[in-house]
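Residue numbers (my numbering), protein chains in the order written: chain A, 1 to 290; chain B, 1 to 288. Each residue gets a CB set at the ideal place from its N, CA and C atoms; glycine is no exception. Structure, as structure tokens:
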Amino acid sequence: MTHAIEVRNLTFVYPDGTLALKGVDLVIDEGEFAAFIGQNGSGKTTLSKNIAGLLKPTEGEVLLFGRSTKEMRIRELATSVGYVFQNPDHQIFNMTVYDEIAFGPRNLLLSEDEVRERVEEAARIVGLKEEYMEESPFFLPKGLRQRVAIASILALRPKVIIVDEPTTGQDWKQSIEIMDFLKHLNGLGHTIIIVTHEMEIVARYAERTVVMAEGRKLLDGPTNKVFAEAETLRKAFVKPPQPTRAAHALSHYGLRPDVLSVDELVTEIIRLKASGAGDNYLAQRSLGGR
Amino acid sequence: MGAVAEPAIKVEDLWWKYEGRKDWALKGVNLTIERGEFVGIVGPNESGKTTLVMAMNGLIPNNYRGVMKGRVVSVGMDTREHTTAEIARRVGFVFSDPESQFLTMTVEEELAFGLENMGLPVEEIRDRIRWAMEITRLDEEFLEKPPYELSGGQKQRVAIAAVLAMKPDVIILDEPTSMLDPIGKSEVFDVLVQLRRSYNATIIVVEHRLEDIAYLADKMILLYYGEVLRVAPPREFFDNIPFLLKHYVYPPEIMIAVHRLREEGLYDGPIPLRFEEGVKIIEEVLRA
Ligand SMILES: Nc1ncnc2c1ncn2[C@@H]1O[C@H](COP(=O)(O)OP(=O)(O)OP(=O)(O)O)[C@@H](O)[C@H]1O
Ligand SMILES: Nc1ncnc2c1ncn2[C@@H]1O[C@H](COP(=O)(O)OP(=O)(O)OP(=O)(O)O)[C@@H](O)[C@H]1O
Ligand SMILES: [Mg+2]
Ligand SMILES: [Mg+2]
Numbered sequence: 001m002t003h004a005i006e007v008r009n010l011t012f013v014y015p016d017g018t019l020a021l022k023g024v025d026l027v028i029d030e031g032e033f034a035a036f037i038g039q040n041g042s043g044k045t046t047l048s049k050n051i052a053g054l055l056k057p058t059e060g061e062v063l064l065f066g067r068s069t070k071e072m073r074i075r076e077l078a079t080s081v082g083y084v085f086q087n088p089d090h091q092i093f094n095m096t097v098y099d100e101i102a103f104g105p106r107n108l109l110l111s112e113d114e115v116r117e118r119v120e121e122a123a124r125i126v127g128l129k130e131e132y133m134e135e136s137p138f139f140l141p142k143g144l145r146q147r148v149a150i151a152s153i154l155a156l157r158p159k160v161i162i163v164d165e166p167t168t169g170q171d172w173k174q175s176i177e178i179m180d181f182l183k184h185l186n187g188l189g190h191t192i193i194i195v196t197h198e199m200e201i202v203a204r205y206a207e208r209t210v211v212m213a214e215g216r217k218l219l220d221g222p223t224n225k226v227f228a229e230a231e232t233l234r235k236a237f238v239k240p241p242q243p244t245r246a247a248h249a250l251s252h253y254g255l256r257p258d259v260l261s262v263d264e265l266v267t268e269i270i271r272l273k274a275s276g277a278g279d280n281y282l283a284q285r286s287l288g289g290r
Numbered sequence: 001m002g003a004v005a006e007p008a009i010k011v012e013d014l015w016w017k018y019e020g021r022k023d024w025a026l027k028g029v030n031l032t033i034e035r036g037e038f039v040g041i042v043g044p045n046e047s048g049k050t051t052l053v054m055a056m057n058g059l060i061p062n063n064y065r066g067v068m069k070g071r072v073v074s075v076g077m078d079t080r081e082h083t084t085a086e087i088a089r090r091v092g093f094v095f096s097d098p099e100s101q102f103l104t105m106t107v108e109e110e111l112a113f114g115l116e117n118m119g120l121p122v123e124e125i126r127d128r129i130r131w132a133m134e135i136t137r138l139d140e141e142f143l144e145k146p147p148y149e150l151s152g153g154q155k156q157r158v159a160i161a162a163v164l165a166m167k168p169d170v171i172i173l174d175e176p177t178s179m180l181d182p183i184g185k186s187e188v189f190d191v192l193v194q195l196r197r198s199y200n201a202t203i204i205v206v207e208h209r210l211e212d213i214a215y216l217a218d219k220m221i222l223l224y225y226g227e228v229l230r231v232a233p234p235r236e237f238f239d240n241i242p243f244l245l246k247h248y249v250y251p252p253e254i255m256i257a258v259h260r261l262r263e264e265g266l267y268d269g270p271i272p273l274r275f276e277e278g279v280k281i282i283e284e285v286l287r288a
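Here you go:
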């Protein structure tokens with residue numbers, strides 16, 4: 001079976017000699033929702049850009065649906081994978097929202113009718129109202145600018161979508177809206193990768209988490225398993241979300257240590273109270289101790 | 001503290017409307033921030049947080065077009081009567097987008113820029129750069145690099161280091177840690193606390209994520225679409241979780257968890273400001 005993404009022994013060196021990735025192997029299948037997390041400078045953005053074909057491996061290779069990014073033409077790349085920049089303001093450059101979203105499809109040399117159809121579809125999916133189409137993207141609020149950036153990638157209908165720090169600078173409501181919408185795209189069959197430092201977001205949305213440290217993959221697995229590795233995570237300058245840390249700290253009371261959310265934590269506490277597990281713990285301690 | 005000490009920042013009935021906008025971005029804001037205070041400003045997107053802090057260092061009204069009413073006095077200077085450069089010497093400002101702050105071609109120049117403008121001796125400049133890089137955990141090997149060839153979080157560290165190196169009386173930071181890794185975020189807040197301790201710096205931080213600021217701030221301010229809705233010490237500020245959620249402010253999850261336990265009738269004490277405090281509360285609930 002061909003994988004959506006297969007990264008083989010990827011090494012990447014920037015022109016100034018910075019060795020940013022040191023032999024990364026990674027497989028992501030179609031329909032997954034994954035998060036890349038880890039220390040500043042650990043190589044998350046570099047890895048994402050290599051997957052998106054914006055950077056080409058110095059050594060090793062990246063296969064998208066079985067084809068090496070080195071062999072793919074821009075058109076094929078653009079329809080396989082889209083990358084939304086860490087700061088969408090660095091991606092936005094057209095004078096109107098419409099032109100911004102239409103830029104990609106026009107580069108695919110589609111007819112203006114097809115372009116319009118693509119723009120309208122992408123705008124509808126991200127929830128950008130018609131009234132914004134002739135506005136300048138630069139003056140839109142942060143949350144809407146992020147949506148324009150995502151819409152301009154969606155208009156290319158890529159199978160894989162990578163969003164670098166989708167919720168940075170967003171308040172919680174906007175964060176949830178953007179993430180719910182990525183989840184919606186995932187439901188439509190898109191493979192989604194987010195890069196983020198917000199562990200509550202990872203806990204809520206990503207089924208799988210890849211932890212980067214110093215240009216290498218440090219951990220890779222289901223999110224609850226990864227977050228249970230508190231000691232290893234510390235090396236990558238990551239702290240699991242608070243509910244996970246709390247459950248971990250109190251696991252000797254019988255709290256499941258792989259809790260991810262407030263809901264799960266509170267449910268666990270109530271379950272334990274109902275079953276009287278706290279009392280059991282005390283009883284055990286006084287038996288074994290003193 | 002002396003009773004006559006002049007506040008670090010005084011904002012009096014401040015109104016501001018950007019040119020070309022129908023609505024006022026700030027609608028009659030009144031605030032006093034004392035010297036040596038650590039203040040957190042929170043509120044949803046578009047609430048005017050950036051606008052308010054830009055008014056505190058004179059960027060508004062001096063570098064933006066718009067209509068201003070009311071008055072802002074920063075470290076004794078009425079912002080309308082002093083240039084941004086004069087104010088900037090005493091009031092440092094870390095921008096939320098680090099790249100909009102960069103002026104030079106290497107990290108070293110970036111860090112030296114403000115210090116040279118202050119006319120400091122070369123030795124002192126070198127010491128301060130080394131110190132600022134150390135506290136923001138920037139590697140020495142970055143000195144020769146152009147700042148825009150760094151990772152997002154590394155850029156943000158340079159932006160913070162450049163301002164801290166100047167040791168300004170008032171340090172304003174607009175979402176300074178949004179791109180930092182989780183441990184890096186906490187480290188920056190620890191550094192801010194140290195600076196306050198070492199030279200009584202006044203610290204004003206705009207933030208969306210409140211895990212670190214909750215237990216460090218003396219005072220939290222909720223700005224909601226141009227209006228100050230609430231000013232309170234963290235203990236009071238975070239005690240009303242539904243009020244915060246209703247205004248799109250998301251408190252640290254340990255607070256939400258304890259709030260739920262309170263609703264369930266399993267706990268009736270205060271909301272914890274620190275994570276460790278929250279864990280202790282849950283432990284007591286489990287043992288009760
Ligand atoms: N254009 C560039 N030229 C040279 N080196 C670079 C460039 N961009 C990034 N680097 C370096 O490559 C390494 C990896 O950077 P990358 O941007 O991939 O990190 P990241 O994990 O995305 O970090 P962050 O969380 O801070 O965004 C860092 O050491 C960085 O300084
Ligand atoms: N340069 C500008 N020109 C015109 N309007 C602006 C400008 N900057 C901000 N505004 C508007 O002023 C209002 C307040 O914006 P501001 O950036 O101060 O909010 P904020 O609380 O910092 O939001 P965020 O959390 O998104 O950073 C918003 O309606 C915004 O659109
Ligand atoms: Mg990055
Ligand atoms: Mg702002």
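Out of the options, which one is the CA nearest neighbour of residue i?
i	options	result
A:D263	A:A203, A:G104, A:V81, A:T58	A:A203
B:S47	B:E141, B:W24, B:V158, B:W131	B:W24
B:M166	B:E141, B:I87, B:L115	B:L115
A:E117	A:K235, A:G169, A:A102	A:A102
B:G20	B:G66, B:V72, B:V53, B:M77	B:G66
A:F93	A:K49, A:R145, A:L77	A:R145
A:E171	B:P44, B:V231, B:V11	The question names Glu, yet the displayed sequence has Asp at residue 171 of chain A. Of B:P44, B:V231, B:V11, the residue nearest in Cα terms is B:P44.
B:A112	B:G278, B:G28, B:L245, B:I160	B:I160
B:L195	B:P182, B:H208, B:L216	B:L216
A:Y14	A:N40, A:T2, A:K49, A:I5	A:K49
A:R216	A:H248, A:I125, A:S42	A:S42
Would you identify the three-state DSSP class for residue i, choosing helix, strand or coil?
i	result
B:Y267	coil
A:S111	coil
A:A20	strand
B:E236	helix
A:T191	strand
A:E30	coil
B:S74	strand
A:T45	helix
B:I125	helix
A:I74	helix
At a threshold of 8 Å, does residue i count as lining ligand 4 (C-beta to nearest heavy atom)?
i	result
B:D23	no
B:K49	yes
B:S96	yes
B:E175	yes
B:V206	yes
Going by DSSP, which residues form a beta bridge with residue i?
i	result
B:R230	B:L222
A:R67	A:L64
A:T11	A:K22, A:E59
B:F275	Bridge partners of B:F275: none, in fact.
A:W172	None; A:W172 has no bridge partner.
A:P222	A:R208
A:Y83	A:I162
B:T202	B:V170
B:V39	B:I204, B:K219
B:G92	B:I171
B:Y18	B:G66
With hydrogens ignored, establish whether the beta-carbon of residue i is closer than 8 Å to any heavy atom of ligand 3.
i	result
B:S178	no
B:G152	yes
Do residue i and ligand 1 come close, with the Cβ less than 8 Å from some heavy atom?
i	result
B:K145	yes
A:Q242	no
A:T209	no
With a threshold of 8 Å (Cβ to nearest heavy atom), would residue i be considered close to ligand 2?
i	result
B:G226	yes
B:V39	no
A:E135	no
A:H349	No answer is possible for residue 349 of chain A: the residues shown for chain A start at 1 and end at 290.
B:F93	no
*Which of the residues in the region 87-104 of chain A, read from start to end, lie with their CB under 9 Å from any CB of chain B?*
Contacts with chain B (Cβ-Cβ distance below 9 Å) from the region 87-104 of chain A involve N87, D89, H90, listed in chain order.
*Closer than 7 Å, Cβ to any Cβ of chain A: which residues of the region 164-197 of chain B, in chain order?*
Residues of the region 164-197 of chain B whose Cβ lies closer than 7 Å to any Cβ of chain A, in chain order: E175, S178, M179, L180, D181, P182, I183, G184.
*Please name the residues in the region 28-53 of chain A whose beta-carbon is closer than 9 Å to at least one beta-carbon of chain B, in chain order.*
The residues in question are I37, G38, Q39, N40, G41, S42, G43, K44, T45, T46.
*With 8 Å as the limit, tell me which residues of the region 186-200 of chain A have their beta carbon closer than that to any beta carbon of chain B; keep them in chain order.*
Against chain B - using a Cβ distance shorter than 8 Å - the residues of the region 186-200 of chain A are H197, E198, M199, E200.
*Listed from N- to C-terminal order along the chain, which residues in the region 225-241 of chain A have their beta-carbon within a distance smaller than 7 Å of any beta-carbon of chain B?*
Listed by position, the residues of the region 225-241 of chain A near chain B (Cβ gap below 7 Å) are F237, V238, K239, P241.
*For the region 102-118 of chain B, enumerate the residues whose C-beta is nearer than 8 Å to any C-beta of chain A, in chain order.*
From the region 102-118 of chain B, no residue has a Cβ closer than 8 Å to chain A.
*Taking a Cβ distance cut-off of 7 Å, strictly less, list which residues of the region 79-99 of chain B are near chain A, in chain order.*
Residues of the region 79-99 of chain B that bring their beta carbon within less than 7 Å of a beta carbon in chain A comprise S96, D97, in sequence order.
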